[in-house]
Amino acid sequence: MRAEIAEVVSFLKSLVKLKNNVKAEKIDLFGKRLAVVLQEKFEGHWYPENPSKGQAYRCIRVNNLHQQDPELLRACRESGIKYSDLGLPWEITLWVDPGEVYTEKIISTSQLPHCPKTRVKWCLNTTQILLMRRANVPPPSPSPTGSALTR
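Here UniProt numbering is used: position 1 in the sequence shown is 1, and no number is missing along the way.
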(Lines of atoms letter the chains of each structure in order from A and count residues from 1; the text may use other names and numbers.)
(Lines give C-alpha, C1' and ligand atoms only; values in the text may rest on other atoms or scores of the structure.)
Protein backbone atom coordinates (compact mmCIF):
# COMPACT_ATOMS: atom_id res chain seq x y z
CA MET A 1 0.00 0.00 0.00
CA ARG A 2 2.84 2.40 0.76
CA ALA A 3 4.29 2.20 -2.75
CA GLU A 4 0.90 2.97 -4.29
CA ILE A 5 0.29 5.88 -1.91
CA ALA A 6 3.79 7.22 -2.59
CA GLU A 7 3.01 7.16 -6.32
CA VAL A 8 -0.24 9.09 -5.83
CA VAL A 9 1.48 11.64 -3.61
CA SER A 10 4.34 12.08 -6.08
CA PHE A 11 1.94 12.52 -8.98
CA LEU A 12 -0.27 15.05 -7.19
CA LYS A 13 2.74 17.01 -5.93
CA SER A 14 3.96 17.20 -9.54
CA LEU A 15 0.61 18.60 -10.64
CA VAL A 16 0.67 21.20 -7.85
CA LYS A 17 4.23 22.23 -8.79
CA LEU A 18 3.11 22.85 -12.38
CA LYS A 19 0.85 25.70 -11.26
CA ASN A 20 3.57 27.31 -9.12
CA ASN A 21 0.96 28.63 -6.62
CA VAL A 22 2.42 26.92 -3.55
CA LYS A 23 5.88 27.14 -1.98
CA ALA A 24 8.02 24.00 -2.18
CA GLU A 25 8.04 23.53 1.62
CA LYS A 26 4.24 23.62 1.72
CA ILE A 27 4.03 21.14 -1.16
CA ASP A 28 6.32 18.76 0.72
CA LEU A 29 4.24 19.10 3.88
CA PHE A 30 1.07 18.55 1.84
CA GLY A 31 2.60 15.36 0.43
CA LYS A 32 3.48 14.06 3.89
CA ARG A 33 0.02 14.84 5.26
CA LEU A 34 -1.69 13.31 2.23
CA ALA A 35 0.31 10.10 2.64
CA VAL A 36 -0.86 9.81 6.26
CA VAL A 37 -4.47 10.63 5.36
CA LEU A 38 -4.57 8.02 2.59
CA GLN A 39 -2.87 5.39 4.76
CA GLU A 40 -5.54 5.92 7.41
CA LYS A 41 -8.37 5.79 4.87
CA PHE A 42 -7.17 2.68 3.06
CA GLU A 43 -6.43 0.69 6.22
CA GLY A 44 -8.91 -2.19 6.26
CA HIS A 45 -9.88 -1.51 2.62
CA TRP A 46 -6.83 -3.01 0.89
CA TYR A 47 -7.22 -6.43 -0.72
CA PRO A 48 -4.09 -7.59 -2.60
CA GLU A 49 -5.80 -10.90 -3.42
CA ASN A 50 -8.70 -9.01 -5.06
CA PRO A 51 -7.42 -5.55 -6.16
CA SER A 52 -10.73 -4.29 -7.55
CA LYS A 53 -12.52 -4.88 -4.21
CA GLY A 54 -12.89 -1.51 -2.49
CA GLN A 55 -11.89 0.34 -5.64
CA ALA A 56 -14.62 2.98 -5.40
CA TYR A 57 -13.75 3.64 -1.76
CA ARG A 58 -10.08 4.20 -2.61
CA CYS A 59 -10.82 6.38 -5.64
CA ILE A 60 -9.71 10.01 -5.54
CA ARG A 61 -12.07 12.02 -7.70
CA VAL A 62 -12.44 15.68 -8.55
CA ASN A 63 -15.11 16.82 -11.00
CA ASN A 64 -18.09 19.15 -11.19
CA LEU A 65 -20.08 16.90 -8.81
CA HIS A 66 -17.16 16.31 -6.40
CA GLN A 67 -15.29 19.60 -6.54
CA GLN A 68 -13.19 18.87 -3.46
CA ASP A 69 -11.93 15.43 -2.56
CA PRO A 70 -12.23 15.03 1.25
CA GLU A 71 -8.75 13.52 1.67
CA LEU A 72 -7.11 16.22 -0.44
CA LEU A 73 -9.04 18.85 1.51
CA ARG A 74 -7.89 17.39 4.85
CA ALA A 75 -4.25 17.29 3.67
CA CYS A 76 -4.59 20.92 2.58
CA ARG A 77 -5.99 21.99 5.95
CA GLU A 78 -3.26 20.10 7.82
CA SER A 79 -0.52 21.67 5.71
CA GLY A 80 -1.86 25.23 5.56
CA ILE A 81 -2.65 25.25 1.83
CA LYS A 82 -5.82 26.58 0.26
CA TYR A 83 -7.48 23.83 -1.77
CA SER A 84 -7.88 26.20 -4.72
CA ASP A 85 -4.11 26.75 -4.77
CA LEU A 86 -3.54 23.10 -5.68
CA GLY A 87 -4.48 24.02 -9.24
CA LEU A 88 -5.69 20.52 -10.06
CA PRO A 89 -7.40 19.86 -13.39
CA TRP A 90 -11.13 20.52 -13.15
CA GLU A 91 -11.68 16.80 -13.65
CA ILE A 92 -9.34 14.05 -12.56
CA THR A 93 -9.80 10.54 -11.22
CA LEU A 94 -7.15 8.44 -9.51
CA TRP A 95 -7.68 4.77 -8.76
CA VAL A 96 -5.41 3.42 -6.05
CA ASP A 97 -5.44 -0.36 -6.15
CA PRO A 98 -3.08 -2.98 -4.75
CA GLY A 99 -0.24 -3.14 -7.25
CA GLU A 100 -1.30 -0.28 -9.51
CA VAL A 101 -2.34 3.35 -9.69
CA TYR A 102 -4.32 4.78 -12.60
CA THR A 103 -5.38 8.27 -13.49
CA GLU A 104 -7.99 9.44 -15.94
CA LYS A 105 -9.13 12.73 -17.41
CA ILE A 106 -5.78 14.41 -17.91
CA ILE A 107 -6.75 16.88 -20.61
CA SER A 108 -3.60 16.34 -22.67
CA THR A 109 -0.28 14.55 -22.36
CA SER A 110 1.43 17.91 -21.93
CA GLN A 111 -0.30 18.16 -18.53
CA LEU A 112 1.25 14.90 -17.34
CA PRO A 113 4.15 15.65 -15.02
CA HIS A 114 7.50 14.21 -16.03
CA CYS A 115 7.67 10.60 -14.86
CA PRO A 116 10.27 7.95 -15.67
CA LYS A 117 9.29 6.10 -18.85
CA THR A 118 9.37 2.78 -17.01
CA ARG A 119 6.45 3.84 -14.84
CA VAL A 120 4.11 5.53 -17.29
CA LYS A 121 2.34 3.58 -20.02
CA TRP A 122 -0.79 4.23 -22.00
CA CYS A 123 -3.33 1.52 -21.42
CA LEU A 124 -6.92 0.65 -22.26
CA ASN A 125 -7.53 3.93 -24.07
CA THR A 126 -5.81 7.25 -24.57
CA THR A 127 -7.47 8.95 -21.61
CA GLN A 128 -6.25 6.46 -19.05
CA ILE A 129 -2.67 6.42 -17.79
CA LEU A 130 -1.06 3.72 -15.72
CA LEU A 131 1.18 5.45 -13.20
CA MET A 132 2.45 2.36 -11.46
CA ARG A 133 2.11 -1.40 -11.65
CA ARG A 134 4.11 -3.90 -9.68
CA ALA A 135 5.64 -6.60 -11.83
CA ASN A 136 4.05 -9.47 -9.90
CA VAL A 137 0.47 -8.13 -9.96
CA PRO A 138 -1.78 -9.15 -12.86
CA PRO A 139 -4.00 -6.50 -14.46
CA PRO A 140 -7.51 -6.30 -13.00
CA SER A 141 -10.38 -7.99 -14.75
CA PRO A 142 -13.17 -5.72 -16.02
CA SER A 143 -15.98 -5.05 -13.59
CA PRO A 144 -19.24 -6.86 -14.39
CA THR A 145 -21.23 -3.92 -13.04
CA GLY A 146 -19.98 -1.34 -15.51
CA SER A 147 -19.70 1.22 -12.71
CA ALA A 148 -18.38 4.65 -13.61
CA LEU A 149 -15.66 4.11 -11.02
CA THR A 150 -14.24 1.04 -12.70
CA ARG A 151 -11.78 0.89 -15.54
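Yeah, the Cβ is synthetic: ideal placement off N, Cα and C, and Gly gets one too.
Measuring C-alpha to C-alpha distances from residue 98 to each of 13, 50, 14 identifies 50 as the nearest. The beta-carbon separation of residue 34 and residue 62, rounded to 14 angstroms, does not stay under the 8 angstroms limit for a contact. Taken through DSSP and simplified to helix, strand or coil, residue 16 comes out as helix.
Pairing residue 96 with residue 5 gives a Cβ-Cβ distance under 9 angstroms. DSSP, read as helix, strand or coil, puts residue 81 in coil.
Annotated three-state conformation of residue 36 is helix, per DSSP.
Collapsing the DSSP output to three states places residue 97 in a strand. In its chain, beyond the 5 residues on either side, 71, 74, 75, 78 have a beta carbon closer than 8 angstroms to the beta carbon of residue 37. Nearest to residue 80 by C-alpha distance, out of 40, 69, 31, is 31. In the displayed model, residue 57 falls within a helix according to three-state DSSP. The three-state reading of DSSP puts residue 22 in coil, since its state is none of H, G, I, E or B.
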